[in-house]
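Chemist: Provided herewith is a single structure, encoded as structure tokens, for subsequent inquiry.
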Amino acid sequence: MQVLLGLLGAAIILAITLSLALVSLIPILGVLLILLASFCLPVFFLWLSARICIAELPLVIEDNLGSWQAIKRGWHLTKNSAWRIVGVIFIASLLIIPVYILSVALASIPFWVNFSSFYSSLESVEDWQTLTENPLFLQQMAMFSYGLTTIFLLLSTLLVPFWQSLKSVIYNHLLDQKKNDGGEY
0 MQVLLGLLGA
10 AIILAITLSL
20 ALVSLIPILG
30 VLLILLASFC
40 LPVFFLWLSA
50 RICIAELPLV
60 IEDNLGSWQA
70 IKRGWHLTKN
80 SAWRIVGVIF
90 IASLLIIPVY
100 ILSVALASIP
110 FWVNFSSFYS
120 SLESVEDWQT
130 LTENPLFLQQ
140 MAMFSYGLTT
150 IFLLLSTLLV
160 PFWQSLKSVI
170 YNHLLDQKKN
180 DGGEY
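Numbering of the sequence shown is given in numbering that gives the first Met the number 0, commencing with residue 0 and proceeding in unit increments.
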């Protein structure tokens with residue numbers, strides 16, 4: 000595993016060095032390489048995150064496993080299932096994203112009502128500068144920021160059990176699948 004991580008780090012450093020050299024020597028080839036990397040790297044990290052997303056579950060559920068053994072167990076269980084896991088997480092994200100959007104929209108209603116009253120009185124750039132120096136406006140901006148932060152923390156606190164239970168369902172499914180296939184788990 001350590002060799003794999005070392006090779007991954009060397010590959011990333013080599014890719015960055017090679018792309019910088021190509022950009023300086025052949026600009027169009029460097030641009031094409033950067034565009035290719037901007038597509039390939041997210042795909043690679045999706046695959047990698049799907050492979051290690053359940054790594055902590057063997058550590059918690061099974062007895063006498065160290066951290067590296069738990070990562071190896073999760074890696075072995077997710078073999079040939081990474082893209083299905085990405086799909087499940089994508090579908091779950093589609094369920095969660097509207098909750099965040101709705102909470103931001105509801106939290107920002109008081110802010111926009113107050114901001115529209117400030118904004119209607121603006122006629123020039125000097126008025127805008129005066130507005131940004133207004134302590135009441137700054138206080139309302141700070142309250143809005145604190146409110147959004149509080150809402151995101153509360154939502155995250157409520158949604159962490161959802162994500163953990165989803166990961167445990169994935170883990171149990173993969174474990175049952177390996178047992179039914181007769182393979183080692």
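Backbone N, C-alpha and C fix where the C-beta goes; we use that ideal spot for every residue, glycine too.
Is the beta carbon of L154 less than 8 angstroms from the beta carbon of V98?
Modeler: Cβ atoms of L154 and V98: closer than 8 angstroms.
Chemist: Quick test of your reading: A54 and A69, contact by CB under 8 angstroms. State the CB separation rounded to the nearest angstrom.
Modeler: About 6 angstroms; that satisfies the 8 angstroms criterion.
Chemist: On the three-pair Cβ rule with 8 angstroms, is the stretch 66 to 83 touching the stretch 170 to 182?
Modeler: They touch, by the three-pair rule.
Chemist: Indicate whether C52 and K166 have their beta-carbon atoms separated by less than 8 angstroms.
Modeler: Result yes, Cβ atoms of C52 and K166 sit closer than 8 angstroms.
Chemist: Tell me the DSSP secondary structure of D180 in three-state form.
Modeler: Here D180 sits in coil by DSSP.
Chemist: Tell me which same chain residues have a C-beta within less than 7 angstroms of the C-beta of S80, skipping the five on either side of it?
Modeler: Cβ within range, chain order: L173.
Chemist: Just to confirm, are P57 and L64 a CB contact at a threshold of 8 angstroms?
Modeler: Going by C-beta atoms, P57 is nearer than 8 angstroms to L64.
Chemist: So the candidates are V159, K71, F143, F44; which of them puts its Cα closest to the Cα of G95?
Modeler: Position check: residue 95 holds Ile in this sequence, whereas Gly was assumed. Closest by alpha carbon: V159.
Chemist: Just to confirm the assignment: which complete beta strand (DSSP E) runs, minimum length 3, are found wholly within the stretch 26 to 100?
Modeler: List check, beta strand (DSSP E) in window: nothing returned.
Chemist: Could you tell me whether the Cβ atoms of G29 and S18 are closer together than 8 angstroms?
Modeler: The answer is yes: Cβ separation under 8 angstroms.
Chemist: Can you tell me the Cβ-Cβ gap for I169 and I84, rounded? I've got them flagged as a contact below 8 angstroms.
Modeler: Confirmed, about 6 angstroms.
Chemist: Please work out which residues of its chain come closer than 7 angstroms, Cβ to Cβ, to R190, disregarding the five sequence neighbours upstream and downstream, and give them in chain order.
Modeler: Since the first residue shown for the chain is 0 and the last is 184, residue 190 is missing from the structure and cannot be characterised.
Chemist: If you draw a straight line from the C-alpha of V87 to the C-alpha of F151, how long is it?
Modeler: If I take the Cα positions, the gap works out to 23 angstroms.
Chemist: In the structure shown, what three-state DSSP assignment does G8 receive?
Modeler: If DSSP states are grouped into helix, strand and coil, G8 belongs with the helices.
Chemist: Can you tell which of F143, R72, P134 has its C-alpha closest to the C-alpha of S107?
Modeler: If we check each option's Cα against that of S107, F143 comes out closest.
Chemist: Could you pull out every residue in the same chain whose Cβ sits closer than 8 angstroms to the Cβ of V103, ignoring the five residues on either side in sequence?
Modeler: The residues are L147, I150.
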